[in-house]
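Numbering (this note's numbering), first residue to last: 3 to 170. Following: one structure in structure tokens, then a few remarks.
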Amino acid sequence: MQKYIMGSICEIISGGTPSTTEPSFWGGDINWISIADFINANRYVTTTEKTITQDGLNHSATTLLQREDLIVSARGTVGKVALIPHSMAFNQSCYGFRSKNPNILLNEYLFYWFKSNSQQLTNSSNGSVFDTITKNTFDNITINLPNTPTQRHIVNPMPKLSFSSPRC
């Protein structure tokens with residue numbers, strides 16, 4: 003096992019919200035994630051309540067997450083996590099996570115790490131009205147990582163079976 007600071011092995015991506023007073027930013031073909039879209043997700047966020055347009059993406063602080071990136075709730079309900087099956091934008095109540103080096107950390111392994119360690123995030127939160135974590139929170143979170151073959155085995159424990167035809 004190797005110990006890392008979360009921010010040293012993960013790109014931590016901030017989200018944003020296009021102006022709600024600009025109708026041309028909303029109702030497009032880009033899924034836009036809020037915590038409500040994945041608070042009860044088992045693994046993937048597949049659909050979102052709201053969508054934005056390319057104009058909304060271009061004129062806001064939101065960012066597109068890529069396939070297999072993670073989304074983690076950072077405000078209100080802290081520490082909920084899901085994987086992204088395709089590109090999606092997201093709001094500022096969440097952070098996106100992407101491994102900086104897949105030879106050190108697999109995104110899917112990080113998903114299970116967050117699932118198992120959500121209490122650590124909750125304990126790191128603060129705020130008078132809503133529990134909140136900031137990007138700086140991850141400068142204080144360490145993660146012990148097995149090597150990537152072990153991570154891969156944890157994520158996909160069952161080997162693929164191949165069957166051959168019986169000889170007659």
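Beta carbons: idealized from backbone N, C-alpha and C, even for Gly.
Buried or exposed by the 16-neighbour rule on C-beta atoms within 10 Å, applied to residue i
i: S36; result: buried
i: Q153; result: buried
i: G58; result: buried
i: P25; result: exposed
i: I7; result: exposed
i: G29; result: exposed
i: P20; result: buried
i: S118; result: exposed
i: N138; result: exposed
i: R77; result: buried
i: D31; result: exposed
Residue interval of the beta strand (DSSP E) (run including residue i)
i: G30; result: W28 to I35
i: Y97; result: C96 to S101
i: L72; result: L72 to S75
i: L112; result: Not the beta strand (DSSP E): L112 falls in the alpha helix (DSSP H), residues N109 to S118.
Contacts around residue i, its chain only, beta-carbon distance under 6 Å, and the 5 residues preceding and following it disregarded
i: M90; result: N33, I35 and L67
i: A43; result: A84
i: F140; result: M8, G9 and I14
i: T64; result: G17, G18 and A91
i: S120; result: G81
Per DSSP, cross-strand counterpart(s) of residue i
i: I7; result: T144
i: I15; result: G98
i: K52; result: W34
i: V83; result: V74
i: A91; result: W34 and L66
First and last residue of the uninterrupted alpha helix (DSSP H) at residue i
i: G58; result: Q56 to N60
i: P1; result: Only positions 3 to 170 of the chain appear in the structure, and residue 1 is not among them; the question remains open.
Neighbourhood of residue i by C-beta, 8 Å cutoff - its chain only, sequence neighbours within 5 removed
i: E51; result: S36, A38 and D39
i: S75; result: I37, F40, I41, G81, K82, V83, S95 and C96
i: N103; result: I11
i: V131; result: Reliability of the predicted coordinates at V131 is poor, the pLDDT of 46 falling under 50, and no value is obtained from them.
i: R45; result: A84, L85 and F113
Residues of its chain near residue i, where Cβ-Cβ distance is below 7 Å and the 5 sequence neighbours each way are ignored
i: N105; result: T150
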